[in-house]
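Visitor:
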Amino acid sequence: MPMTHTHTYVELEISLAAYKEIRAKLWAAEYGHCFVVGDEDEHGTGPIDMSGIAVIPAPYTRCSQCGSVIHEVSPGRYECKCEPAHG
Ligand SMILES: [Zn+2]
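For the sequence shown, this note's numbering gives the first residue as 163, with consecutive numbering after it.
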């Protein structure tokens, strides 16, 4: 009996550059299970099932108040929704 894998996901289209960055990082981290069967190599362009993995834009830091990922809004200045304009 052949083994089949069932994947349930929706496809979110992103740029090829972003796709390649994600693919390289997952591959380097040995997250091969994210790659759909039959396209599980570092050069594949098939869907990558990232269930349980959240993407965040870089560079970032973490809010000293609440721990959320926050981004630079201007050089050296970070804002978090928990308290605008701190950091
Ligand atoms: Zn915060």
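Glycine included, C-beta positions come from ideal geometry on N, C-alpha and C.
Grab the span of the beta strand (DSSP E) containing Glu234 for me, first residue to last.
Guide: Within the sequence shown, the letter at position 72 stands for residue 234. Taken as a continuous stretch (DSSP letters only), the beta strand (DSSP E) holding Glu234 covers 234-236.
Visitor: Which parts of the stretch 175-206 are runs of the alpha helix (DSSP H), unbroken and 4 residues or longer, counting only runs that do not cross its ends?
Guide: 178-190
Visitor: Per DSSP, what kind of secondary structure is Tyr222 in: helix, strand or coil?
Guide: Within the sequence shown, residue 222 is the residue found at index 60, counting from 1. In the three-state reduction of the DSSP assignment, Tyr222 falls in the coil class.
Visitor: For Leu174 and Tyr240, I'd like the C-alpha separation in whole angstroms.
Guide: Sequence index remark: in the sequence shown, residue 174 carries index 12 (1-based). Sequence index remark: in the sequence shown, residue 240 carries index 78 (1-based). Their backbone Cα atoms lie some 28 Å apart in a straight line.
Visitor: Taking only the alpha-carbon atoms, compute the straight-line gap between Ala179 and Ser213 and give it to the nearest angstrom.
Guide: Counted from its first residue, the sequence shown places residue 179 at position 17. Counted from its first residue, the sequence shown places residue 213 at position 51. Their Cα atoms are separated by approximately 20 Å.
Visitor: Cα separation between Val235 and Cys242?
Guide: One-based indexing of the sequence shown puts residue 235 at position 73. One-based indexing of the sequence shown puts residue 242 at position 80. Going by the C-alpha atoms only, they are around 10 Å apart.
Visitor: Roughly how many whole angstroms lie between the Cα atoms of Tyr181 and Ser230?
Guide: Counted from its first residue, the sequence shown places residue 181 at position 19. Counted from its first residue, the sequence shown places residue 230 at position 68. Near 25 Å, if we compare the C-alpha coordinates of Ser230 and Tyr181.
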